[in-house]
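Counting in the numbering used here, the sequence shown runs from 725 upward without gaps.
Have a look at the structure below before the remarks.
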Amino acid sequence: MKIVVVGSIAYDAVETPAGKRESQLGGSACFFSTSASYFTEVGIIGVVGNDFAPSDRSMLESHGIDTTGLVEVDGKTFRWTGDYMDDINTAVTLDTQLNVFGDFEPTLTEAHANAPYLFLANIDPTIQLKVL
725 MKIVVVGSIA
735 YDAVETPAGK
745 RESQLGGSAC
755 FFSTSASYFT
765 EVGIIGVVGN
775 DFAPSDRSML
785 ESHGIDTTGL
795 VEVDGKTFRW
805 TGDYMDDINT
815 AVTLDTQLNV
825 FGDFEPTLTE
835 AHANAPYLFL
845 ANIDPTIQLK
855 VL
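Written out as structure tokens, the structure reads:
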């Protein structure tokens with residue numbers, strides 16, 4: 725793989741002027757890896773709970789994303805609820821539930837560690853330093 729991303733994988737509840745969605749796959753690692761997959765080979769490292777839908781893992785894999793670093797543990801996946809304002813550039817966080825993400829300690833396999841590029845997505849800087 726050419727690039728590895730370490731970050732959040734979440735279920736988002738989002739309201740915009742155009743509508744409302746509940747339990748949509750989100751998180752910075754998902755957004756980045758899906759976008760980058762159009763240009764290169766990507767591996768994702770993150771943690772999800774046992775409520776993580778197999779269809780969501782399949783969606784990532786359908787983009788050619790290596791999910792061997794996606795660890796499932798007992799508990800609930802990180803949840804974020806937000807409201808986007810009329811300009812769509814401003815989001816108000818209404819609720820954050822870290823759940824299993826609160827104890828996230830990323831582990832890189834040899835293949836992940838040998839990737840030439842690493843993208844540290846939106847995670848605690850202390851965790852980012854441990855990855856480096």
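Positions of the beta carbon are idealized from the N, C-alpha and C atoms, including for glycine.
Asked                                                                                                        : Found
Secondary structure of S782, DSSP reduced to three states                                                    : helix
Which residues DSSP lists as bridging T820, in chain order                                                   : W804
Candidates Y841, T833, F755, G767: closest to D736 by CA position                                            : F755
Residue closest to D811, alpha-carbon to alpha-carbon, out of G731, I733, I769, A742                         : A742
Closest Cα partner of A734 within the set A839, P849, E834, N823                                             : N823
C-alpha gap between V738 and R803, whole angstroms                                                           : 11 Å
Sequence-distant residues of the same chain with beta carbon closer than 7 Å to A845, five excluded per side : V729, V730, G731, S732, S752, A753, F756
CB contact flag (I789, V766, <7 Å)                                                                           : yes
Closest residue to T831 among F763, L794, M809, T758 (Cα-Cα distance)                                        : L794
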